[in-house]
Each structure stands twice: as C-alpha cells, then as structure tokens.
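All remarks here apply to the structure that follows.
Protein chains in written order, with the numbering used here: chain C, 1 to 997; chain G, 998 to 1275.
Set out below in structure tokens:
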C-alpha cells in the first residue's frame, strides 16, 4: 500500500518533467503542448491523493494537492487502479474494464478531456520511426489499396511514386506446387491492379476537396432550398463553421424528431485499412450517436445470397463457397475449367490485384482446357483463349437446365455422389425432362432462349460430363455479372446444382478459376476489415466472431432499431415508406426477415450523412437518387468525401476527407474477412501492411476518424467514441497487438519497414481441399468457422448448413418459406428475364440488351473521373472534343444499322434515362447486346438533375430498380433494355423525359 | 558491350494498362533533370498499347501490342535532331530537352510514333526506359516492374547473348522494313499483325445438329498444303499466322466417312467462316 502510493505519487511527480523533456526533443510534442492552456487534476476518488497539472504556453507544471476548478479531472477509484493505469505498458483489457466499471472516470469538456488523453497517448508514441530512408531525401513508406499493397516514395512531403512491392532478401520464400511434372511458384513480389497505379494522380487530383464547403443557397437558419441540390454552387467555409452546422443539425434532429431521423450510408467499399474503413470508424461513430443505417444489398453476390444459399448453405459467405487448396488441386487434377460469368483478369476477384494472373498462365502452360460463358468476350477469355459461348444476358439459367438435360439423358453425371451427398434430384429431373410442364429442357429449347447453338451446348455438356472440371462461377466464386440479372438467383442456384451432379469436392472437381485457394497459412490470425476494426460493432460486422475478444475495446451498439434498404432509399425519402429484406448472414433464414421503414415508433429520416458519391454510379435506376436529394423531405444532407463528384455535389455541407495515404492504418493484402473468410488466399503471399501516413493531409482535409472525433467532441460523445483520446496511430498499434503479427515482428520494426510477409506453411501443413471432406463423407476438416453450430442437423462440422446437411436440389428452406413462390420455387425452374426479349412491347422499343459489369480500370467509382490518369486508358474513357466520355461496346452489325462509327457519340436510353457514351465497335458482344461498365464516378446531367440527358457515363441511370425477385433486396442491373442512336450534335436535353419512379 | 533491350510477348499482354499507368505515375509531376521534363497529365502515351480484334462473332480473338520507344541504333529521330537527341552507350536514346526545345518536327521523325509533343514546355518527349532509375541501380523500368504477366522484360546483355535469345525465343522486330535497328523485340507478334481463317464444323445425327469434332481440316495455298489441323470438341478450327490480304486459299475438310468438303477462301482480314454444315 505504502509502496503503491509511492509509485503513483512519483509517477505523477515525474509526468510533467517527462512531458517538458519530450517537448525539447520532439517538435511535434512541443507543438502539441502549445495547443491548450488548461488545468488537469489527477486524483483518487476519495481525495486521499492528488496532483494537478497546469498546461500553459507550451510548458507543463504540477503541484501536489487539489485544484479548485480544474478543466479536466481524471479520477481513479483506488490506489491500485491508479498504479495499473499509469504505467508505461498498459494492459488494454484491464484499462477498458476499468473504464466500464467506473474505476476510472474522466470529467470535463470533451475537447479538453480528449486533448489530455491524446497528449498522454502521443507521449508513448514519440520516437518511433516510420518508413525506410532511401537516400537523397527520399523515404519509402508502405500503404495498401483496393488493388494491392504498395511502396510510396516521398520527397519533401510530396509523393513521387507508388509502386508494387518487391520483396527483399529477408522476406519469406514462397510456396511451390508440383503438378504434372512441373514446379510452380509465384514471384517474390506483390502485384497491383491498374487503378492502384492511378492513386498518385487521384491524391493530387484537381477534384480533391480541400476545404469544407457549404452550398451557397443553403441556410440552416432560413431557406434551405433543397430543390437546388445538384444545381447550386458551393462556398468555402471554415472547419469550425462546418462542424458547428453539422453538430447542431444532428442535435436538432434528435431533439425535434427523435431517434431515427439521422440516416448514414456509404458505398460498398472504402479506402483501404482496418481502422478507417466504413465498417470501423464510421460504424463506431454512428452507433455511438444512434442513427438509422442504410443496409446494403449484397451487391456483388446477389443471386448467390438469394438463391444458391438454399441449395448448399454458406449463408455467412452470402452464398459463396469454401476455397481452400483449390489451386493445387486444380493444377494437379483438373482437365477443364469453365469460366461462367467470370472475368478475374478484369476484376482481380476483389482486392486481389493480378495475383491470380500467373496461376491462370500455369493453366495455359499445362494445357488445361478453358471455356468461357459470358455475353461479353471478356478479358479472361481473351487472355486464356478457349471456347466462348455468348448467351443473351439473363438467360444463363436455360443453359444450366439444358446441360443437366444432357447429363441426365446421356448418363453423364456422378450417380454415386448424387445418391450419397444430395437430395431431391428426382424432383428436379421431372422439370428438366418436362414431365411437369411439358417442355423438355433440351439443348434446342435453350437455343431459343440463349442464342447458344444446341450443338455447342451438347458439346459443352459432354466435355464437362466426361472431364474433371473446375467451375469458375464469377471472378470470385459467389460473384459474377450473371448473378445481377433478373434471373441471377436462378443462375447461382444452377451453379450449385450442376456441381452437385459432377461430384463437388472430388479431385479435380471444384469451384474456382485459380483466383482463390492458394496454399497460404490460414491459421495465422489477422482479421480483415469486415471483422469490424475498431467499431466494437458486434451486431453488424464479424467483430463478434473474430475481433472483439482479441482487441479489448468498448463495444458500440446502435440504439436505433430502424434501417433503410439501400436500393429503396429514394422511396423511403420520397414516399416516406418502403420495404425490403434483411441481409443477415448468420443463418439461411436470415434473408427471410422483412424490413419495414419506418420502424414502429421511429422518426422518418430527415437527414442523410453520406460517404462519397457512389450511389449514382453503382446502384440502379439512379436518377431516382437525384430526385430524392432534391426533396424537401431531406432537410439536411452532409457528404464526407475525398473528391467533388457524383452525389457529393448534392450535399448542403461537404466535409473534405483525406485519402489513406494521408492517415495511419493497418491491413492485409486483399483481406476483407467476414463474408469472404480468408479472402487473402487470392494472393500468392500473406502480406501485412502498416499503412503509413505518407504525407500530411492535403489542404484542410482530415481523416474520417479525425472528422468523427471532432464531431464527437462537439456532440459530447467523444469519451465512448475515442475511448479516452485514441488517435488513429494508437488504434493501429492496439490492432497490431491484437493479431498474431505481434508474435512475428516488433512494433518498431513493423512501423519502420511497413510490411511483413508471412512464410507459407510447409506442404504437410497446407489446408485440406474444399469439400473433399464432404465428398468423402467425413466431418469438415477445412478451417472454416461457419456454419454456426446450431445450423447443423447432424452435429457440429457434419454436413452442410442445409436442413438435410446435403446439397439439396429441392431446397428445404424454400419449401418452408413458400413452396409456391413462382419466382423462387424449391427446385430451380426456368423463368425468363422480366426485362429482356420476352417483354415484347418493351423489346420492340428498346431492342438492345445492355450489360453493366463491374469495371476493369476503376474500383467502382474509385479511380474513375477525378481528372486522373485512368482517363487516358483507351478502353476506359475516350477523349472527344475535350471531354472524356464513358465507353459503350456495341456489335458492328448493330452499329452499322444505326449508322454509328467507332467513337461516335451515342445516346443510350430507355424510359428511365439517357446517357451519352462513346461507341466502341466490336465483335466481343453478340448482335443485340451491348456492354458498358457500371460505376462512373461522374454524374453530369445536361439539364435538370434526374430528368435530363447525362454525359458522365452513369449507365446505372438506365438500369431497372425492380427487385430481382419480390422476396429480396437484390438488384438486377444486368437486365436492362435500351436503344442506342447517334447523338445529334446540339441535341437539346429533353426536360420532359419520362421519369420512371 | 552490354546494352538494354526490351522484349515484349504479345501473347502475354492483356491490356491491363499497368505499364501505361506506372509510366504516368513516374513521370507526371516529376521532372528528372538530365533525363526528361514532367510528362503532361493527359495525352501522352510513352508506352502505347495497340489493340487488334480478329475474326467475327463468335469466333474471335484479341491481341494487344505495347509500343514504347524502340531505342533504335539507327534512329531517324537522332538523324533529324541536330544533336538534340543522343544515344547512350547502353543503347538508351534520350532527348536533350533543352536543345530540342521548339523542335516539333521531331515528333514526325519517329516512324513508330513514339515521340510526343509537350505543348506547355514546347519540347518533344518520349519513353526514357526510366534511365534515371536504371542509373540509380534499378533492375527494370517502371513499366516492366508493374507488368503482372511477364509480357514485358528488360535485359542488359551483349550482342552474343542477345542473338541467342532472339533465336531461342523466336523474337522479331516490329516493322523491320523501317530499317532503324530497334532494340525492342517482340514475341508472338503474329497475334497482332497476322490473320487467321477459322470456322466451326457441324453435322446432323439423329436429326440433331452436332459439333463435328476430330475432323481433318487442311489449308492449301496454290495447291500446296501449308497446314493441317483437327477440329476441337466444338468442331472449331483455326489456321493462324497468315498474311493479311494474302489472297486465295483452299480448305479441305474430311470428317469421318462423310464426303470431302472443299472451300475457297479469299483472305483479306481474319475471317470466321461460320458454321460449315457437313
């Protein structure tokens, strides 16, 4: 006791001396001390011990005893508590627990209290060196992006280059796979996607938001002029003014309307990093605040989530699949790979850069055959060669049924596997043979639906039925443009059913196009961003299963039990109500839950706090969003954005966020975790990145975390949000210490070098192949934490998540939900696209089927527009008369009929909108089909927003907002009928153009 | 004497544009004194990726040909430059941007179109092979470092080694007829500058159309058989590496015991003959 008292007293006695000394050596700390003149009292609760610290003009002094009116008080319950907390190496679990049990209390204004906490934390970080000195004044930092990790060379505070990472000789050696007498091993480096190499031009883009802005005709005290959103200009304001307006509007919402009036939303992705990601800092802030979240549809999975789940489970993967050791299995045993709506060379899976490219080259080297089924002769097809089959968009389900027809009638399927591992083929067989509807689903029948010659279909079915075949369904299993058509759920269901007939899990028979399933160490703990980062949000992220017990931190729980489905935001605002379905991945039945907005007893949404400008480019029928933004029902719109683009131009207040190159963060190459568990196994190496703050934020921009931190101080919620004054770097360190990485490399070394390459496991430690256990009737032996225990029928790890534990051709969950649902019957039946050739009237008017896949050279809206270097990529945008137009790819025959020449400007239109694009004439699409990537970052209506011709390339203004199936929250943007004609020079925008709500 | 040479494998280019953007990353916003001024934000293509689509739906292929400065040994730009463009002993051709100022004609001097005009600085500019990095010890220029497929390679070798590589890997020059002695070599260039004749064979069986797999298809040029292939599982065949506009060919098809089919084709550009019914 006496000793404890001595320790605490002397620590406190020394604290101001340490700070003054630190200020002498570290200018940043001296600067910090100059920021505030305040008095901080540290004491025990019973006042048996105390010392107060006076911060004045950059100096700190202290005095034993108690100040009469301190600005901040830090109060410890007991002497022991004070001793534990005031030590250099704090135990964070102990610290967080002490806060939760009020053994530590902090009082005072949030601004002052957090400043003191941040100052103490900063003291612990001093002296740490980040980055490697390359000589001549150049420092090499590390960072991570949506297209791979990078080195960042900085000189005089300016980024001079961003490159992929070449490993040095201290980094681990890669794995080797031996297959068919050859040895395959990846290079000792990381690859990047093109859009990653555009980052420097995006950081220094002329479209960067450098100051807070206010719409000129927005007056929070008077006329708000909501109808002028998207039309009026902006004026620069100070951060104080911007934050005051936002904070007072937030308060007004809470006081005037009650819980639920504030809505927050983002794009589907963010700048990389576990701390700054929207699932992390943003969730923590809005949960702490209490707000209505926008709930996203599983926009890259869609049909898999709403369809495939009912046949093989995997709800936690949104219907995607296991992917372990499939690269080795494929190279060793497969005879053919069918790429179906799969273009990993364009998309890099997700975040996977060009890691899979070399592996697909090995496929070629070994002479393994490839087939590509896609309405577009995609880049993977062009790279690998092989047979190309081009179905009409949204008709892939007819191919599925016809393949099954050939297999059933010619006996080309694995009867033993079907008997042991599946149920319900008899019921499906009846439909395929036409016993239920009189229509045998023959290759000839499918030809009428798909345009694929019957002979080619038969040849494919026979090849597939007699060769060990891998199915790459989507760039990453669980993705693919076909899953975002009107029949996307049917296609994904079909992918599972077909593989069930061929023995999924047997050697050479599995899912994937060498995009996933590298032999990396999956047992090494380092979470991805979907594990929630610092959010403490164990309800809406995967924090509960992975992060929460590893990094002690306070939870954050949203008290507002109301949500708005993302695809229905316009209806929620304009009509005041909407419905949708939840995306609850914990169990199959999670998706049957209905969302009703407004929720009972909650306020309607009156304010939207949005991250960035991506709705227009990436959602569907997006002129609706323009109409929504211009409605007086939305009293206040704030957009926190890096660039001035898209819907950022529809805000009342714009808060300038900085990029991840201007803040601290931590992450792993291609690892999102959560819904794509172990997604790093798209890579050839596990690479962990200390994302350095390479340069100071440009202009007055700030990191998302800092903006939220500033707001939280004004709103009086800083203590729970910042957990007592944690900076981003503090969080990065805590995160690092929560992972297995801390056992491999010291914090100081990691902070300096910026990356760590995890050694690959020995051959004997490699994971078993996906589904091999299932095929062989053993308990699961893959390192897959889901299915959750309660969802097994036969005991933990025994069988799949389905009711029978088997692959179900006839789905039990759909039988339970609604056996008579015409759109989603228990067995997969043929259903024609609701926007396609079968809609006679519409098809006559709009005879071109437009597909809008995920883009190749931008990461959704990131890396598009912004006057950045991707503009110059010939296949991304085309410069015509001084403007970079978006490209639409049309068949030469369709072009000739319309008098359209290469790079003519064309108007692509339907009842929902009209977009001016540059025409690229090609044989890569069939006549009657056109291809234009989704996700233009630019939305530039020539007249009234939402009602006029758009020339930025926002082709999602044309896509339908109808739900894929009624009982879903799923978009079907790849089922879109349009007409294309030459854009007449000087054609006036049609103000009267029908706006289809 | 070792010199730098670039080797470009057209079969490995997939138009990812990493080379193109890495070049921009290196040169936009950065001046490398003694090597080059900044590249303008837009408009220049120091490595220019050309696209060639061959055939007609649905039997097509696509090739891409990255085109940097050829670092020619007999460079027309040097000849036209009046001393403002120089060749280094390691083979790299560099523009002296001070001496070349105002000489817009140099843009036209390059038959490969590799020189670009910087309007702001009134200087011609081009790919420098990232000589400023190679001189600092980098092993490869930025475009090569960023290439994920192995399409681009940069090697520092003497003539003897080079000759061996050219022979072993079957390398060729782009437009040898320009006679400029380029130091950039191409592999699988036929994918870009040659043509194919392709088609799909079908036959009737039990009243249904089937792919004629395993048929013998022979290609004749003036009665000389120049190639023979078998149709694949889809009945498809393809004769490649034919010259553009090379005129009349004869194709003879033999499938099982069916009668021989003879087709005459006049080759202009790559052609998909479509479905040939046996």
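Glycine is no exception: its CB is placed at the ideal position from the N, C-alpha and C atoms. Treat the numbers as computed from the prediction; the structure is a model and nothing was measured.
How big is the Cα-Cα spacing for residue i and residue j?
| i | j | result |
| --- | --- | --- |
| residue 319/C | residue 972/C | 17 Å |
| residue 996/C | residue 36/C | Residue placement at residue 996/C is poorly supported in this model, since its pLDDT is 34, which falls under 50; the coordinates are not used for a value here. |
| residue 809/C | residue 505/C | 17 Å |
| residue 723/C | residue 117/C | 9 Å |
| residue 935/C | residue 963/C | 19 Å |
| residue 990/C | residue 623/C | For residue 990/C, the predicted structure reports a pLDDT of 41, less than 50, and the residue's modelled location is therefore unreliable. The matter cannot be settled from this model. |
| residue 15/C | residue 59/C | 12 Å |
| residue 895/C | residue 954/C | 21 Å |
| residue 575/C | residue 606/C | 13 Å |
| residue 676/C | residue 156/C | 40 Å |
| residue 1079/G | residue 1102/G | 12 Å |
| residue 680/C | residue 273/C | 14 Å |
| residue 242/C | residue 733/C | 31 Å |
| residue 988/C | residue 851/C | Low per-residue confidence applies at residue 988/C: pLDDT is 43, beneath 50, and the placement is therefore not dependable enough to give any value. |
| residue 522/C | residue 678/C | 7 Å |
| residue 1265/G | residue 1049/G | 15 Å |
Beta-carbon separation of residue i and residue j under 9 Å?
| i | j | result |
| --- | --- | --- |
| residue 802/C | residue 311/C | yes |
| residue 1116/G | residue 1037/G | yes |
| residue 844/C | residue 913/C | no |
| residue 529/C | residue 932/C | no |
| residue 5/C | residue 305/C | no |
| residue 643/C | residue 865/C | yes |
| residue 705/C | residue 42/C | no |
| residue 309/C | residue 300/C | no |
| residue 614/C | residue 658/C | no |
| residue 1097/G | residue 1120/G | yes |
| residue 344/C | residue 655/C | no |
| residue 630/C | residue 945/C | yes |
| residue 486/C | residue 833/C | yes |
| residue 161/C | residue 1058/G | no |
Please list, in chain order, the chain C residues whose beta carbon lies closer than 7 Å to that of residue i.
| i | result |
| --- | --- |
| residue 1013/G | 194 and 354 |
| residue 1099/G | Per Cβ cutoff of 7 Å: no residues; residue 1099/G is ~25 Å from chain C at best. |
| residue 1231/G | 387, 456 and 459 |
Going along chain C in order, which residues have a C-beta closer than 8 Å to the C-beta of residue i?
| i | result |
| --- | --- |
| residue 1049/G | Those within 8 Å of residue 1049/G in chain C number zero; the least Cβ separation is about 11 Å. |
| residue 1125/G | Correct list: empty, because the minimum Cβ distance to chain C is about 14 Å. |
| residue 1028/G | Correct list: empty, because the minimum Cβ distance to chain C is about 10 Å. |
| residue 1052/G | 923 |
| residue 1117/G | Here the premise fails: no neighbours, minimum Cβ distance about 15 Å. |
| residue 1143/G | 163, 164, 192 and 197 |
Below 9 Å on C-beta distance, what does residue i contact in chain G?
| i | result |
| --- | --- |
| residue 361/C | 1009, 1146 and 1147 |
| residue 201/C | 1018, 1021, 1022, 1025, 1026 and 1038 |
Quick check: does the Cβ of residue i come within less than 8 Å of any heavy atom belonging to the ligand COA?
| i | result |
| --- | --- |
| residue 509/C | Looking for the ligand COA in the displayed structure turns up nothing, as the structure carries no ligands at all. |
Residue i touches chain G at which residues, Cβ-Cβ below 8 Å?
| i | result |
| --- | --- |
| residue 642/C | Per Cβ cutoff of 8 Å: no residues; residue 642/C is ~18 Å from chain G at best. |
| residue 160/C | 1026 and 1027 |
Check the Cβ of residue i against every Cβ in chain C and list those closer than 9 Å, keeping chain order.
| i | result |
| --- | --- |
| residue 1140/G | Under the 9 Å cutoff, chain C gives no residues; its nearest Cβ is about 10 Å from residue 1140/G. |
| residue 1241/G | Near residue 1241/G there are no residues of chain C at all, since even the closest Cβ is about 17 Å away, more than 9 Å. |
Ignoring anything shorter than 4 residues, give me the alpha helix (DSSP H) runs that lie fully in the region 45 to 86 of chain C, in order along the chain.
79 to 85
Complete beta strand (DSSP E) runs within the region 998 to 1058 of chain G (minimum length 3 residues, chain order):
1000 to 1006 and 1045 to 1053
Given 8 Å, three or more beta-carbon pairs between the region 108 to 116 of chain C and the region 827 to 844 of chain C
no
Is it the case that the region 183 to 203 of chain C contacts the region 134 to 153 of chain C, given that we only count it when at least three CB pairs across the two stretches are under 8 Å?
yes
Count Cβ pairs between the region 470 to 482 of chain C and the region 285 to 293 of chain C that sit closer than 8 Å; are there 3 or more?
no
Please list the segments of the alpha helix (DSSP H) lying wholly inside the region 354 to 394 of chain C, counting only runs of 4 or more residues, in order along the chain.
355 to 365 and 379 to 384
Does the region 431 to 448 of chain C come within contact of the region 812 to 820 of chain C, defined as at least 3 CB pairs closer than 8 Å?
no
Three Cβ pairs or more, each shorter than 8 Å: is that satisfied between the region 882 to 898 of chain C and the region 917 to 927 of chain C?
yes
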